[in-house]
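Step one of this worksheet: look at the structure below.
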Amino acid sequence: MLASSRGTAALRRAFAASPATTIPAAFLAPAAALQQQQPRQFSSTPTRNSKLGRTPVSIPPGVKLAISEPKLKKDPTSYLKIYKRTVTVTGPLGELDLEIPPFLKIDYDVEGSTAVLSVEDSNIKEQSEMWGTTWAYLQRYIMGVSEGHTAILRLVGIGYRASVEQRGRLEEFPGQKFLCLKLGFTHPVEMGIPRGVKVTAASPTRILLESIDREEMMSFAGRVRKWRPPEPYKGKGVFIDDQTIKLKQKKIK
1 MLASSRGTAA
11 LRRAFAASPA
21 TTIPAAFLAP
31 AAALQQQQPR
41 QFSSTPTRNS
51 KLGRTPVSIP
61 PGVKLAISEP
71 KLKKDPTSYL
81 KIYKRTVTVT
91 GPLGELDLEI
101 PPFLKIDYDV
111 EGSTAVLSVE
121 DSNIKEQSEM
131 WGTTWAYLQR
141 YIMGVSEGHT
151 AILRLVGIGY
161 RASVEQRGRL
171 EEFPGQKFLC
181 LKLGFTHPVE
191 MGIPRGVKVT
201 AASPTRILLE
211 SIDREEMMSF
221 AGRVRKWRPP
231 EPYKGKGVFI
241 DDQTIKLKQK
251 KIK
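In this text, residue positions in the sequence shown follow full-length UniProt numbering: the first is 1, and each later residue adds one.
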């Protein structure tokens with residue numbers, strides 16, 4: 001008891017004799033202190049200028065644009081009714097309609113044969129994204145009505161064949177043709193060709209697709225490919241354009 005009381009008294013005298021020390025605030029929170037001392041040299045909300053969107057779209061001869069007034073339409077993804085405008089692209093090969101959001105504006109210069117796209121606020125992510133996306137769609141539509149889009153399907157496999165024939169009882173619209181495929185199944189595959197897409201069997205193993213609407217054309221090509229996707233062991237299947245596949249070796253036990 002005597003030793004413990006002496007030790008406690010010694011500690012009290014030592015603390016009383018030592019000078020008071022203060023810890024600077026910068027040591028406790030250096031990041032906060034630096035922020036107060038140094039002003040910020042950058043903005044936390046940078047502008048989002050789309051490189052594609054701000055590029056003028058060139059309108060070739062024979063192609064015209066017509067922009068309609070905003071109309072209340074149902075959005076296919078959110079199912080909400082919003083105001084949209086329709087851009088009608090007319091050319092030598094046909095006509096296509098492109099819906100654009102209300103915050104996007106198109107300045108069409110007929111004499112200069114150019115179209116410039118702009119948005120209300122490029123700092124908003126949705127507007128910045130749709131700026132470049134709409135530019136790409138418009139460029140694709142202009143090319144479609146002026147030159148057209150093409151795709152080639154290659155059938156690789158023993159006995160794979162393709163032909164274009166009529167199937168009157170299965171027609172969804174007058175004059176519809178069907179793509180008949182032999183892909184190694186016990187039955188032939190018959191696919192109705194959608195409206196606006198021209199299919200030609202240049203050879204038994206090569207199929208030529210032509211259309212002014214690239215989305216519809218490539219969607220049909222994807223449905224054909226789905227029957228026989230390229231497999232990596234023998235390299236057989238339906239290939240679109242210059243598509244390739246890396247072959248694998250079978251594992252031998």
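Using N, Cα and C, we set each Cβ at its ideal position, and we do this for glycine too.
Here the structure is a predicted model, which means the values were calculated and not measured.
Rounding to the nearest angstrom, what Cα-Cα distance links residue i and residue j in this structure?
i	j	result
residue 223	residue 124	36 Å
residue 242	residue 203	17 Å
residue 212	residue 225	21 Å
residue 129	residue 112	27 Å
residue 247	residue 218	25 Å
residue 182	residue 170	18 Å
residue 132	residue 156	37 Å
residue 69	residue 98	13 Å
residue 163	residue 118	46 Å
residue 180	residue 110	45 Å
residue 221	residue 233	23 Å
residue 134	residue 77	16 Å
residue 161	residue 209	16 Å
residue 186	residue 159	12 Å
residue 114	residue 237	43 Å
residue 216	residue 252	43 Å
residue 227	residue 142	32 Å
residue 58	residue 75	29 Å
residue 172	residue 229	27 Å
residue 140	residue 231	31 Å
residue 235	residue 122	47 Å
I'd like the span of the beta strand (DSSP E) that includes residue i, first residue to last.
i	result
residue 88	81 to 91
residue 161	161 to 166
residue 116	114 to 119
residue 200	197 to 203
residue 54	First-last for residue 54: undefined, no H or E at that position.
residue 226	Run containing residue 226: none in the beta strand (DSSP E); it sits in the alpha helix (DSSP H), 214 to 227.
residue 238	237 to 240
residue 211	206 to 211
residue 138	Per DSSP, residue 138 belongs to no beta strand (DSSP E); it is in the alpha helix (DSSP H), 125 to 146.
residue 75	Segment: none, residue 75 is in no beta strand (DSSP E) and carries neither H nor E.
residue 94	94 to 100
What residues in its chain sit with their C-beta under 6 Å from that of residue i, if we drop five residues either side in the sequence?
i	result
residue 146	60, 63 and 91
residue 120	103
residue 116	56 and 107
residue 101	130
residue 105	118
Classify residue i: buried if its beta carbon has 16 or more other beta carbons within 10 angstroms, exposed otherwise.
i	result
residue 150	exposed
residue 206	exposed
residue 201	buried
residue 53	buried
residue 174	exposed
residue 188	exposed
In the DSSP assignment, find the alpha helix (DSSP H) that holds residue i and state where it starts and stops.
i	result
residue 156	Not the alpha helix (DSSP H): residue 156 falls in the beta strand (DSSP E), residues 149 to 156.
residue 182	Premise fails: residue 182 lies in the beta strand (DSSP E), 177 to 182, not in any alpha helix (DSSP H).
Report all residues from its chain with a CB closer than 7 Å to the CB of residue i; omit the five preceding and five following residues, and keep chain order.
i	result
residue 167	178 and 190
residue 43	Note that residue 43 scores a pLDDT of 45, beneath 50, so its modelled location is shaky; the value from the coordinates is reported in the next line. Hits under 7 Å: none found.
Could you check if residue i belongs to the surroundings of the ligand PLP, using beta carbon to heavy atom distance under 7 Å?
i	result
residue 120	Absent from the structure shown: the ligand PLP. Ligands present: none.
Determine, using beta carbons only, whether residue i comes closer than 8 Å to chain B.
i	result
residue 77	This model lacks chain B altogether; it includes just one protein chain.
For residue i, which residues from the same chain have a beta carbon less than 8 Å from its beta carbon, with the 5 sequence-adjacent residues on both sides left out?
i	result
residue 73	81, 82, 83, 84 and 99
residue 193	164, 176, 177, 178, 179, 199 and 220
residue 152	206, 207, 208, 209, 240 and 241
residue 250	233
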